[in-house]
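First comes the structure, then the notes that go with it.
There are 2 protein chains.
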Amino acid sequence: MKRNGILFIISAPSGSGKTTLCNKLVHSLTGLSRSISMTTRPPRNGERDGTDYIFIEKEEFIKRQKKNEFLESAKVFGEYYGTPKRYVKHLLKKGQDVLLSIDVQGAMKIKKLKAKSVYIFILPQSMSQLRERLMHRSTDSKKEIAKRLSIAKKELSYLPRYDYVVINNILESALENLRSIVIAERCRML
Amino acid sequence: MKRNGILFIISAPSGSGKTTLCNKLVHSLTGLSRSISMTTRPPRNGERDGTDYIFIEKEEFIKRQKKNEFLESAKVFGEYYGTPKRYVKHLLKKGQDVLLSIDVQGAMKIKKLKAKSVYIFILPQSMSQLRERLMHRSTDSKKEIAKRLSIAKKELSYLPRYDYVVINNILESALENLRSIVIAERCRML
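For the record, the sequence lines run as chains A and F.
With the first sequence counted from 1, adding 8 to any position gets you this note's numbering.
With the second sequence counted from 1, adding 8 to any position gets you this note's numbering.
Here is the structure:
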């Protein structure tokens, strides 16, 4: 008897090191695939279309949204982000676990669906560490950083709705915690 | 702010390899201590008093039972087993996680207490593997083996009341699953 996959939903304030962690997590475990989001925001340095995100035009995004093609979609910093429904459903049905790295808005929308889903929040060790990480990301302007910090504070209020919290203090230990959550959830009684 | 420890309760049909797994688990993680049970059954080959069990006389056991000194106690195969309450409470209060390796009867009694507790069931890969393991344990007579097998079948009916199931197929992978459950539960939102 083949089990359905589990949907792991990871959120974090931007600058928490979420992307690095998610990439390492997917590479360190078999049976776990990353869902690739569609977005209308321009690619950052080094980001590849089809690997990091599927980059599309706003018009195209809104068309797909109307056709109900997204598991969830959200507008963040004026740009659209969405999770293509068909791909995720296909993976879960095959018994593959799926990792969704999305913001709290999106995460809360998925909570209303019926799939077995596990919610993980990644936290930086402190707000000052968060500011520092954002400062070192050369792509963001000062104004952008201030905006992201203020949004991060709001996002923290969603923390109690998540199942797990992982503090990204030391990368290796945060990664071990994430791996453990995936492995443990696979052992969980239905 | 110091958190209280978590109580991990592990049960398994005898012959599932539980003892080996529990020993390895406790050695592979910091902050996890094993609770040592008291029993009236005679020590098996290699078992040490105060490490594997605290071996006491029936009269002494019943006296302590009357004084309400056990977190749970049970009579299995005509012998008494009990978990000393004071030691476990002391560890949990210090923030130490505690591993209790007890049979399903005992596990269900603890369910009625208020401590945060996590229930794990270890399964052999199959009933035939279970029989084989019991056959190779030279301490058990044929009659004893038959009795244990029949009890194992009954114990399986408690499976749905546990939080996790770990199949002890390959020792290393069963150990990784157990470790992951402990680590994940430490990340769990309260």
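Heads up, the beta-carbon is just placed ideally off N, CA and C, and yes, glycines get one too.
None of these values were measured; they are calculated from a predicted model.
Query	Result
Look at the Cβ atom of E80/F, then the Cβ atom of K32/F, and state whether they are nearer than 9 Å.	no
List, in order along the chain, the chain A residues whose C-beta lies closer than 7 Å to that of C30/F?	Going along chain A, no residue has its Cβ under 7 Å from C30/F, so there is no contact; the nearest lies around 16 Å.
At which residue ranges does the segment 49-107 of chain F contain complete alpha helix (DSSP H) runs of 4 or more residues, listed in the order of the chain?	66-74 and 93-101
Starting from L186/F and walking both ways along the alpha helix (DSSP H), at which residues does that stretch end?	L179 to C195
Can you name the start and end residues of the beta strand (DSSP E) that I130/A belongs to?	S125 to P132
Within 10 Å of its beta-carbon, does A154/F have 16 or more other beta-carbons around it, so buried, or fewer, so exposed?	exposed
So with Cβ pairs under 9 Å, would you call V112/F a contact of chain A?	no
S109/F to R42/F, Cα distance in whole Å?	8 Å
Count the other CB atoms within 10 Å of the CB of S36/A; is the residue buried (16 or more) or exposed (fewer)?	exposed
What does a CB cutoff of less than 6 Å around Q113/F pick up in its chain, not counting 5 residues either side in sequence?	A82
When the Cα atoms are used, what is the spatial distance from I14/A to Y88/A?	25 Å
Which same chain residues end up closer than 7 Å to E55/F when comparing Cβ atoms and leaving out the 5 residues on each side of it in sequence?	Y61
Using DSSP with H/G/I as helix, E/B as strand and the rest coil, what is I17/F?	strand
Per DSSP, N176/A is paired with what?	P132/A
Spell out a yes or no on whether the segment 177-187 of chain A and the segment 156-173 of chain F are touching, meaning 3 or more CB-CB pairs, one atom from each, closer than 8 Å.	no
Taking I44/F as the reference, which of K93/F, R72/F and N12/F has the closest Cα?	K93/F
Counting only beta-carbon atoms, is F129/F nearer than 9 Å to chain A?	yes
E180/A: which of A20/A, L29/A, K10/A and S19/A sits nearest, CA to CA?	L29/A
Measure the Cβ-Cβ separation of L19/A and F129/A and say whether it is below 9 Å.	The amino acid at residue 19/A is misidentified as Leu; the sequence shows Ser. Yes. Within cutoff.
Please list, in chain order, all residues of the same chain as E65/F whose beta carbon is under 8 Å from its beta carbon, the five residues on each side excluded.	T48
Going by alpha carbons, who is nearest to S24/A out of S136/A, S149/A and F78/A?	S136/A
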